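Residue numbers (the working numbering): 44 to 282. Where a beta carbon is used, it is the ideal one built from N, C-alpha and C, also for glycine. Keep in mind the model is a prediction, meaning the values are calculated, not measured.
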Ligand code: GRF
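If you want it as structure tokens, here you go:
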């Protein structure tokens with residue numbers, strides 16, 4: 044992508060940042076949408092390399108849809124019920140997103156598995172965020188699984204989506220300590236704080252073309268680990 048600051052693209056007359064072509068992202072949700080909010084907040088900066096072009100929910104009336112509307116982002120509700128099988132729903136999702144010309148999709152608490160029909164439609168990448176250090180504790184109730192297992196650190200993972208449950212190549216992780224006396228809820232909250240840092244950061248890396256996939260390993264141009272408070276992010280926000 045060209046056109047970053049000093050990238051040789053003519054700026055606006057007001058001396059603001061030069062216009063850049065931002066990656067158009069569809070965000071798929073099923074619930075509260077705090078990660079969606081983090082992406083919307085990041086994209087509110089015109090210098091951020093991605094914009095949320097549409098928010099799609101499989102559940103009507105969820106708070107995530109209100110978050111999108113408040114930012115004037117188009118919303119689509121597509122319940123998963125009544126489809127013959129997963130492929131039929133995948134196809135309907137692709138059709139519903141088509142008018143918004145997204146090259147990338149972010150799953151942000153979207154509670155459906157996606158198959159090849161959907162994934163093939165977005166070769167630019169489909170990202171998901173999961174509240175554990177994968178490959179530990181995939182699937183539902185990741186924080187409960189972590190507490191029951193007795194791990195001393197957990198965290199969150201942003202990964203590329205494949206057809207499995209939380210099995211795709213890992214892009215970024217944040218490590219969060221499990222504290223004595225943690226409940227599922229307190230651990231969830233501390234992990235979510237890091238989710239809200241990690242997801243916009245990872246989308247930025249993808250949109251800037253800084254990710255190179257080699258089998259299961261993803262190489263990140265210019266990204267090293269970074270400590271934020273008690274948490275460790277890898278890669279972190281520093282260049
Ligand atoms: C997050 O914990 C995310 O890791 C998981 O689902 C939750 C969604 O939360 N995939 P929110 O809707 O973004 O608040």
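Cα separation between residue 275 and residue 125?
Distance between the alpha carbons of residue 275 and residue 125 is about 43 Å.
Going along the chain, which residues of its own chain have a beta-carbon closer than 7 Å to the beta-carbon of residue 134, five neighbours each way excluded?
160, listed in sequence order.
Helix, strand or coil, according to DSSP, for residue 302 in the structure here?
Outside the shown range of the chain (44 to 282) lies residue 302, about which nothing can therefore be said.
For residue 147, is the beta carbon positioned less than 7 Å from some heavy atom of the ligand GRF?
Residue 147 Cβ: outside cutoff for every heavy atom of the ligand GRF.
Using a Cβ-Cβ cut-off of 6 Å (strictly less than) and excluding sequence neighbours within five positions of residue 264, which residues of its own chain qualify?
For residue 264, where only same-chain residues beyond five positions count, the Cβ hits under 6 Å are 253.
Using only the alpha-carbon positions, how far apart do residue 77 and residue 240 sit?
When rounded, the distance between both Cα atoms is 11 Å.
So what's residue 274 in DSSP terms, helix, strand or just coil?
Reduced to three states, the DSSP call for residue 274 is strand.
Out of 141, 128, 73, point me to the one whose CA is closest to residue 111's CA.
Per the Cα distances, 73.
When you compare the CB positions of residue 103 and residue 122, do they come within less than 8 Å of one another, or not?
Result yes, Cβ atoms of residue 103 and residue 122 sit closer than 8 Å.
Give me the Cα-Cα distance between residue 230 and residue 221, rounded to the nearest whole angstrom.
In a straight line, the C-alpha of residue 230 is about 7 Å away from that of residue 221.
The ligand GRF and residue 227: does any heavy atom of the ligand fall closer than 7 Å to the residue's C-beta?
The answer is no for residue 227.
From the DSSP output, read off the bridge partner residues of residue 97.
Answer is 69, bridged to residue 97.
Excluding sequence positions up to five away, which residues of its chain have a Cβ less than 8 Å from the Cβ of residue 268?
So the list reads 275, 276, 277, 278, 279, once near-sequence residues are dropped.
If we call anything under 8 Å between Cβ atoms a contact, is residue 174 one with residue 185?
In contact: residue 174 and residue 185 (Cβ atoms closer than 8 Å).
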